[in-house]
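Undergrad: Going letter by letter, the sequence shown gives residues 37 to 100 in my numbering. Just so it is clear, CB atoms sit at the ideal spot from N, CA and C, and this is done for glycine as well. Sending over a structure as structure tokens; questions will come in a sec.
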Amino acid sequence: CRRMTVPQAVVPVKIQEFVKSNYPEAKVLKIEKDRYEYEVKLSNFWELTFDTSFNLIDMDNDND
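Structure (structure tokens):
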């Protein structure tokens with residue numbers, strides 16, 4: 037089963053730049069925004085959390 041990626045136009049530029057710079061082979065599979073943060077799930081099993089100013093505030097690897 038091929039994983040679907042999020043269209044680049046949906047991902048804020050600052051998050052795109054962070055992913056490209058730190059995880060050049062990874063694709064954004066999912067992005068969720070709530071009032072205080074963005075949660076980004078990558079194809080390399082990393083889940084990144086950014087505040088609304090696009091500062092990385094948490095990261096977790098789901099590769100169990």
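With a CB to CB cut of under 7 Å and the five nearest residues on each side skipped, what residues in its chain are close to Ser101?
TA: Summary: the structure shown does not reach residue 101, with the chain confined to residues 37 through 100, and so no result is reported for it.
Undergrad: For the alpha helix (DSSP H) holding Val42, just list the boundary residues, first then last.
TA: In the sequence shown, the residue the question calls residue 42 occupies position 6. That residue, Val42, is in no alpha helix (DSSP H); it is neither H nor E in DSSP.
Undergrad: Can you check whether the CB of Glu83 is closer than 8 Å to the CB of Glu73?
TA: Taking the sequence shown and counting its residues from 1, the one referred to as residue 73 is at position 37. Taking the sequence shown and counting its residues from 1, the one referred to as residue 83 is at position 47. No, the Cβ-Cβ distance between Glu73 and Glu83 is not below 8 Å.
Undergrad: Buried or exposed for Lys69, please, with buried defined as at least 16 other CB atoms from any protein chain shown within 10 angstroms of its CB.
TA: In the sequence shown, residue 69 corresponds to position 33, counting from 1. Exposed, since its Cβ has fewer than 16 Cβ neighbours within 10 Å.
Undergrad: Tell me, please, which residues DSSP counts as bridged to Tyr74.
TA: The sequence position of residue 74 within the sequence shown is 38, counting from 1. Answer is Lys69 and Phe86, bridged to Tyr74.
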